[in-house]
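Shown next, in structure tokens, is the structure this report addresses.
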Amino acid sequence: MKNLLSILKKILNIITVVVVITVLIVLFLKFQNNKKKEILNKALRNFRENDNTMILLILGQSNAANYTEKRYTTDKNIATFFGNELKQAKDPLPGASGSKGSIWIPFSERIIEESAIERVLIICIAEGSSTVFDWSAKGKYNHKLVNTLQQLQAHKIMPTHILWQQGEQDNALQTKRENYKSSFNQILQTLRRYAIDAPVFLSLTSYNPIAKNRINNEIREAQKQLAQKNNNNVYLGPDTDIYIGKEFRYDGIHFSNKAVLNIAEDWKETLLNYTQKNQKNSILK
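Sequential numbering from 2 applies to the sequence shown in this note's numbering.
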């Protein structure tokens, strides 16, 4: 009997030690997590509370993601935010598919150099081969958009500009004009539901070398019409379909470095031109 009591006592002691250690580990992890949140919030404060900040939310497919020819880094005040992580910007951008380069670092550098903007925060969630429907209410990437918006909301990050660069896949699928517009309007509704009323810039993009028509006027007209009815704060962006041929498409469809530099410049001009027309409410002045 004494032996049994002794064994039980040892077991209880072991259980007590295990419980204490577990509690200490949980408390330590909670402390570490709170510390990380505190550091992140402090870092994000520069982007949230400074008028000379551009916060970009970028949607679209591969040429808006990490599929361009050359990877870029930067020493300017340009950061990325995705998955609750704030990082100095470098390609490939976190949050977007692909493992190569993107347009957005060269674009951001030009914005800083040629406007009053001092820092840029990039939130790029573009997905290669995605259609406009994929981002709409019933699309496979709608959850990614919603999760991102919820994350931004939790950290009180409000995008100042939304850039949409997409259309190549819808060209291949021969998406009808009204269907394209309907899907895009659902994306707009999702954005506005999260109180994001920032201007949306829609590029003219359709070029696909394997499509029936390499440049698809049905897609381009849909994009133009969406921007013409800008009571939803939607505006036309640059025309990427003008950059075709080997010098601009290193693999036939994705942008070469020459195209990247040209399109980065075009996006910069788009936003600066918008600023001149809307000087009163713009952060770029």
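All residues carry an ideal CB built from backbone N, CA and C; glycine is no exception.
Between the CA atoms of residue j and residue i - distance to the nearest angstrom
i: Asp267; j: Ile22; result: 58 Å
i: Lys37; j: Glu110; result: Note that Lys37 scores 49 on pLDDT, short of 50, meaning its location in the model is unreliable and no value can be drawn from it.
i: Val261; j: Ser103; result: 7 Å
i: Trp165; j: Glu115; result: 22 Å
i: Leu205; j: Asn218; result: 10 Å
i: Val18; j: Asn4; result: 21 Å
i: Val147; j: Leu189; result: 12 Å
i: Leu122; j: Gln89; result: 9 Å
i: Ala173; j: Pro93; result: 26 Å
i: Arg46; j: Phe82; result: 13 Å
Residue range of the alpha helix (DSSP H) that includes residue i
i: Phe185; result: Arg178 to Arg194
i: Ala173; result: Glu169 to Ala173
i: Phe114; result: Here residue 114 is Glu; the residue named in the question, Phe, does not match the sequence. Unbroken alpha helix (DSSP H) run through Glu114: Trp105 to Glu115.
i: Val147; result: Asn143 to Ala155
Coarse secondary structure for residue i, derived from DSSP in three states
i: His162; result: strand
i: Arg72; result: coil
i: Arg221; result: helix
i: Ser98; result: coil
i: Lys247; result: coil
i: Lys91; result: strand
i: Arg120; result: strand
i: Val20; result: helix
i: Ser7; result: helix
i: Leu205; result: strand
Residue range of the beta strand (DSSP E) that includes residue i
i: Asp267; result: Per DSSP, Asp267 belongs to no beta strand (DSSP E); it is in the alpha helix (DSSP H), Asn258 to Lys278.
i: Leu60; result: Thr54 to Gly61
i: Ile79; result: Ile79 to Phe83
i: Gly238; result: Val235 to Asp240
i: Phe134; result: No beta strand (DSSP E) holds Phe134; DSSP gives it neither H nor E.
i: Ser130; result: Note, Ser130: premise wrong, no beta strand (DSSP E); not H, not E.
Supposed close pair residue i, residue j - CB separation, criterion 8 Å
i: Ile245; j: Tyr208; result: 6 Å
i: Ser63; j: Ser130; result: 7 Å
i: Leu60; j: His162; result: About 12 Å; that fails the 8 Å criterion.
i: Glu70; j: Lys101; result: 7 Å
i: Ala65; j: Ser98; result: That pair is no contact at about 10 Å.
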